[in-house]
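Participant: Numbering (the numbering used here), first residue to last: 1071 to 1176.
Glycine residues also receive a C-beta, built at the ideal position from the N, C-alpha and C atoms.
All figures in this text were calculated on a predicted structure; none of them were measured in a lab.
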């Protein structure tokens, strides 16, 4: 069951062909997406993400955002996303807050 779940996550993030590759043979984007997969795999009630899509090509970025959105909808996971790209946060839905000049606003 755990292997099946891992395969689903890897496929959703476009990593299914990398399951046998060693970490030092991954590109930066592949390593970042694998880190995202590792964070999602245990289905935590709270997912803390700090710039998880930085350095990803546009297609990988869209796939990753879509998968995070799917996880949120299926599992009701709370996500705290730190990003400089407000459009990424908006795509995930839910309340969005901004920190500017040390002040937090909605």
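(1) Alpha helix (DSSP H) containing residue 1104: first to last residue?
(2) Can residue 1098 and residue 1130 be called in contact, C-beta distance under 7 Å?
(3) Do you know whose CA, among 1114, 1145 and 1101, lies nearest residue 1126's CA?
(4) Would you say the region 1107-1116 touches the region 1143-1152, given that touching needs at least three Cβ pairs under 8 Å?
(5) Quick check on DSSP: helix, strand or coil for residue 1145?
Facilitator: Well, looking at it:
(1) Sequence index remark: in the chain shown, residue 1104 carries index 34 (1-based). Per DSSP, residue 1104 belongs to the alpha helix (DSSP H) from 1098-1110.
(2) As a working mapping, residue 1098 is identified with position 28 in the chain shown. As a working mapping, residue 1130 is identified with position 60 in the chain shown. Their beta carbons are not under 7 Å apart, which means residue 1098 does not touch residue 1130 by this criterion.
(3) Taking the first residue of the chain shown as 1, we reach residue 1126 at position 56. When only C-alpha atoms are compared, the closest one is 1101.
(4) The answer is yes - the region 1143-1152 touches the region 1107-1116, with three or more Cβ pairs under 8 Å.
(5) For the purposes of this step, residue 1145 is taken as residue 75 along the chain shown, with counting starting at 1. In this structure, residue 1145 counts as helix in the three-state DSSP scheme.
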